[in-house]
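Novice: Take the sequence shown: its position 270, counting from 1, is numbered 269 in numbering that gives the first Met the number 0, and each next residue is one higher.
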Amino acid sequence: MTVAATPKKAPAKEVEKDASMVKQKEMMAAHYERLTSASETGAKVCNTFVPGNLNELIMCFDLVNNLPEVNAIQSGLRRQSGAYVLEAEKIGHSEDVCTYVKSDIGMMAKGNIGPNGKRMPDPDILLLSYTGCFTFMKWFELLREQYKCETIMLHTPYMGDGKITPNMTQYLVKQLKEEVIPTLERVSGVKFDIDRLRENLKKSVKAEDDLVKVLQSAKNKPSPIDAYFGGIYYIGPMFGAFRGTDDAIEYYKFLRAEIEERVAKGLGPVTPDGEMGKEKYRLVTEGPPNYTNFRQFWKMFYDEGAVVVASSYTKVGGVYDLGFRHDPDKPLETLAEYCLGVYTNRNLPMRIDMLSNYIKEYEADGLLINSIKSCNSFSAGQLLMMREVEKRTGKPAAFVESDLVDPRYFSAANIKNRLESYLQMIEQKRASARAAA
Ligand code: SF4
Numbered sequence: 000m001t002v003a004a005t006p007k008k009a010p011a012k013e014v015e016k017d018a019s020m021v022k023q024k025e026m027m028a029a030h031y032e033r034l035t036s037a038s039e040t041g042a043k044v045c046n047t048f049v050p051g052n053l054n055e056l057i058m059c060f061d062l063v064n065n066l067p068e069v070n071a072i073q074s075g076l077r078r079q080s081g082a083y084v085l086e087a088e089k090i091g092h093s094e095d096v097c098t099y100v101k102s103d104i105g106m107m108a109k110g111n112i113g114p115n116g117k118r119m120p121d122p123d124i125l126l127l128s129y130t131g132c133f134t135f136m137k138w139f140e141l142l143r144e145q146y147k148c149e150t151i152m153l154h155t156p157y158m159g160d161g162k163i164t165p166n167m168t169q170y171l172v173k174q175l176k177e178e179v180i181p182t183l184e185r186v187s188g189v190k191f192d193i194d195r196l197r198e199n200l201k202k203s204v205k206a207e208d209d210l211v212k213v214l215q216s217a218k219n220k221p222s223p224i225d226a227y228f229g230g231i232y233y234i235g236p237m238f239g240a241f242r243g244t245d246d247a248i249e250y251y252k253f254l255r256a257e258i259e260e261r262v263a264k265g266l267g268p269v270t271p272d273g274e275m276g277k278e279k280y281r282l283v284t285e286g287p288p289n290y291t292n293f294r295q296f297w298k299m300f301y302d303e304g305a306v307v308v309a310s311s312y313t314k315v316g317g318v319y320d321l322g323f324r325h326d327p328d329k330p331l332e333t334l335a336e337y338c339l340g341v342y343t344n345r346n347l348p349m350r351i352d353m354l355s356n357y358i359k360e361y362e363a364d365g366l367l368i369n370s371i372k373s374c375n376s377f378s379a380g381q382l383l384m385m386r387e388v389e390k391r392t393g394k395p396a397a398f399v400e401s402d403l404v405d406p407r408y409f410s411a412a413n414i415k416n417r418l419e420s421y422l423q424m425i426e427q428k429r430a431s432a433r434a435a436a
């Protein structure tokens, strides 16, 4: 029997990265090393979620922050999440469950190996800041069953009326004082020091200021950044384990300088294939991206000269561009206000206002919604939001569908078709506006 020689594959094209992306990757790698070496170093681990994460507080107890959503994203980008999702479904989790949860559960079932190829640590504590998504609670109930560790469920009231009242803030502060801090002290064995929290919060503010400058640089024409696909790299340290650290200050200072240089030179965004080329369309996006085909998804945009100038997704870990900053002078109140204000905790009218304003302020051509099959927190009401934003701005909106980390729900041909038809619609609108002028 003869066996045909496997044809030699052409080497995969290197992804182009700007210096800040390289720096960010190094920070993430160091963080995963901290996590996976926890059993040797004796570090204790706190699992928590991105929206409403209390990193400045967690660090006061020398705990290392582990974010299951970020682990699921890493599994998606590495094309491992598909197998994890199937594993979780085999155990009995329904097809409709958020695929971040199923990726996490499946990863645990298959040995809990992290992105650096080493075993992820068991958590010493689960800290839930319940911010606008009921799934978070169910997710930690499952982890609690698995790890039998202490669990804190910080209840964040939903911003149903579109505002934060003093009662809401005080309700959260009370929980912080009476439940969260005493439990963190007990589990970590470290006494709470409010001055340490203030110091961490001061560091957060510096990094937050620079992140906002980076996000708002997209008001330039051409935009020097892609605020959705590129934006995901930019928010990584802030929304993850670095807010409140010197590393974050340094990263955002560096990133801001890099972007300001691009503005000065009149450059557009860097894509995985290099410089984007001529900016033809400016879009605002709503909803998370797809991670299993992230690069392919992004390419569909930059191949057409479409750049995202603002996105709601890059606000899930804090809406800093609308003015919020952590306030070291009110350390507990500011943590409460942060949890209350994140995007997923905002009601539909607030989300509509935000998207409509982005279209005006960033002089965008329209709104594109990526509706995520398994994320109710984002998807509920998106059709209504789309119609309302169209009505208010007079700009066209469109809808594509995919999933977070389940590769079965990424249909490249469908998404490409819809995106191309949408961009044609923008062209037609431009032509009629010219004719009417
Ligand atoms: S917000 Fe969406 S993606 Fe995040 S946990 Fe909830 S359902 Fe899952």
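From the three backbone atoms N, C-alpha and C, an ideal C-beta is built for every residue, glycine too. All values derive from a computational prediction rather than experimental measurement.
Tell me which residue opens and which closes the beta strand (DSSP E) that E285 is part of.
Specialist: Where E285 is concerned, the enclosing beta strand (DSSP E) stretches over 280-285.
Novice: Do you know how far the Cα of K43 is from the Cα of D103?
Specialist: Taking the straight line joining both Cα atoms gives about 20 Å.
Novice: In the DSSP output, what is I151 paired with across the bridge?
Specialist: Paired residues: L126.
Novice: Assuming S420 and T392 are in contact, meaning their beta carbons sit under 8 Å apart, how far apart are those beta carbons, in whole angstroms?
Specialist: Wrong, their Cβ atoms sit about 19 Å apart, outside the cutoff.
Novice: In the DSSP assignment, what are the bridge partners of A396?
Specialist: L366, per the DSSP bridge assignment.
Novice: What residues in its chain sit with their C-beta under 7 Å from that of K205, if we drop five residues either side in the sequence?
Specialist: Result list for K205: I248, in chain order.
Novice: Any contact of the region 332-345 with the region 136-150, i.e. 3+ C-beta pairs under 8 Å?
Specialist: The region 332-345 vs the region 136-150: no contact.
Novice: Taking Cβ to Cβ, would you say S376 is nearer than 8 Å to T343?
Specialist: Yes, Cβ-Cβ distance for S376 and T343 is below 8 Å.
Novice: Is it true that the region 188-195 meets the region 149-161, where meeting means three or more beta-carbon pairs spaced less than 8 Å apart?
Specialist: The region 188-195 vs the region 149-161: no contact.
Novice: Leaving out five residues on either side along the sequence, give the residues of the same chain with a beta carbon under 6 Å from the beta carbon of R228.
Specialist: Looking at the sequence shown, residue 228 is not Arg but Phe. The answer, listed in chain order, is W297.
Novice: Please go through the same chain and pick out, in chain order, the residues whose beta-carbon is closer than 6 Å to the beta-carbon of T134, but skip the five residues on each side of it.
Specialist: Closer than 6 Å at the Cβ level, and outside the excluded window around T134, lie C97.
Novice: Apply the 10 Å Cβ neighbour rule to Q427 and answer buried if 16 or more other Cβ atoms are within range, or exposed otherwise.
Specialist: With fewer than 16 Cβ atoms within 10 Å of its Cβ, Q427 is classed as exposed.
Novice: When you compare only the Cα positions, how much space is there between E360 and G75?
Specialist: Straight-line Cα distance between these residues: approximately 33 Å.
Novice: Report whether the distance from the Cβ of E68 to the nearest heavy atom of ligand 1 is below 7 Å.
Specialist: Yes, ligand 1 has a heavy atom inside 7 Å of this Cβ.
Novice: Between the C-alpha atoms of A87 and F398, what's the straight-line distance to the nearest angstrom?
Specialist: When rounded, the distance between both Cα atoms is 29 Å.
Novice: Measuring only from the beta carbon, is L403 closer than 7 Å to any heavy atom that is part of ligand 1?
Specialist: The answer is yes for L403.
Novice: Three-state secondary structure (DSSP) at K252?
Specialist: Helix, per DSSP.
Novice: Take R255 and list the residues in its own chain whose beta-carbon comes closer than 7 Å to its own, dropping the five residues that flank it on each side.
Specialist: Cβ neighbours of R255 beyond the five flanking positions: D209, K212, V213.
Novice: Taking Cβ positions, are P271 and N369 nearer each other than 8 Å?
Specialist: Result no, Cβ atoms of P271 and N369 do not sit closer than 8 Å.
Novice: To the nearest angstrom, how far is it from the Cα of P395 to the Cα of I425?
Specialist: Answer to the nearest angstrom: the Cα atoms are 7 Å apart.
Novice: Would you decide whether D320 is buried or exposed? Buried here means 16 or more other CB atoms lie within 10 Å of its CB.
Specialist: Per the 10 Å Cβ criterion, buried.
Novice: Within its chain, find whatever has a CB closer than 8 Å to the CB of N115; leave out the 5 residues flanking it on each side and keep chain order.
Specialist: Closer than 8 Å at the Cβ level, and outside the excluded window around N115, lie A28, Y31, E32, T35.
Novice: Hey, is T343 close to ligand 1, as in C-beta under 7 Å from one of its heavy atoms?
Specialist: Correct: T343 has its Cβ closer than 7 Å to ligand 1.
Novice: Can you tell me which residues fall inside 5 Å of ligand 3, judged by beta-carbon distance to its nearest heavy atom, and keep chain order?
Specialist: Absence of ligand 3 from the depicted structure is noted, with ligand 1 being the only ligands included.
Novice: Taking the straight line between their C-alpha atoms, what separation do you get for E278 and R433?
Specialist: Those two C-alpha atoms are separated by around 19 Å.
Novice: So, for N54: in the same chain, excluding its five sequence neighbours on each side, which residues have a beta-carbon less than 6 Å away from its beta-carbon?
Specialist: Excluding residues within five positions, the ones whose Cβ falls inside 6 Å are N64, R242, G243.
Novice: Between the Cα of Y250 and those of M237, E260, S216, spot the shortest distance and give me the residue it belongs to.
Specialist: Here the closest residue by C-alpha is M237.
Novice: For a minimum of 4 consecutive residues, which ranges assigned as the alpha helix (DSSP H) are wholly contained in the region 157-233?
Specialist: Those alpha helix (DSSP H) runs which fall completely within the region 157-233 and span 4+ residues are 165-174, 180-187, 193-215.
Novice: Rounded to whole angstroms, what is the Cα-Cα separation between A71 and Q295?
Specialist: Rounded to whole angstroms, A71 to Q295 spans 19 Å at the Cα level.
Novice: Can you tell me which of Y290, E177, L66, Y170 puts its alpha carbon nearest to the alpha carbon of W138?
Specialist: Measuring from the Cα of W138, the nearest candidate turns out to be L66.
Novice: In the DSSP assignment, find the unbroken alpha helix (DSSP H) run with A436 in it and report its ends.
Specialist: Here A436 belongs to no alpha helix (DSSP H), and DSSP marks it neither H nor E.
Novice: Output the distance between the C-alpha atoms of L383 and N166, rounded to the nearest integer angstrom.
Specialist: Those two C-alpha atoms are separated by around 30 Å.
Novice: Under the assumption that T168 contacts P50 (Cβ atoms under 8 Å), give the Cβ distance between them as a whole number of angstroms.
Specialist: So it is not a contact: roughly 17 Å between Cβ atoms.
Novice: Could you have a look at K43 and say whether DSSP puts it in helix, strand or coil?
Specialist: Looking at K43 - three-state DSSP - the assignment turns out to be strand.
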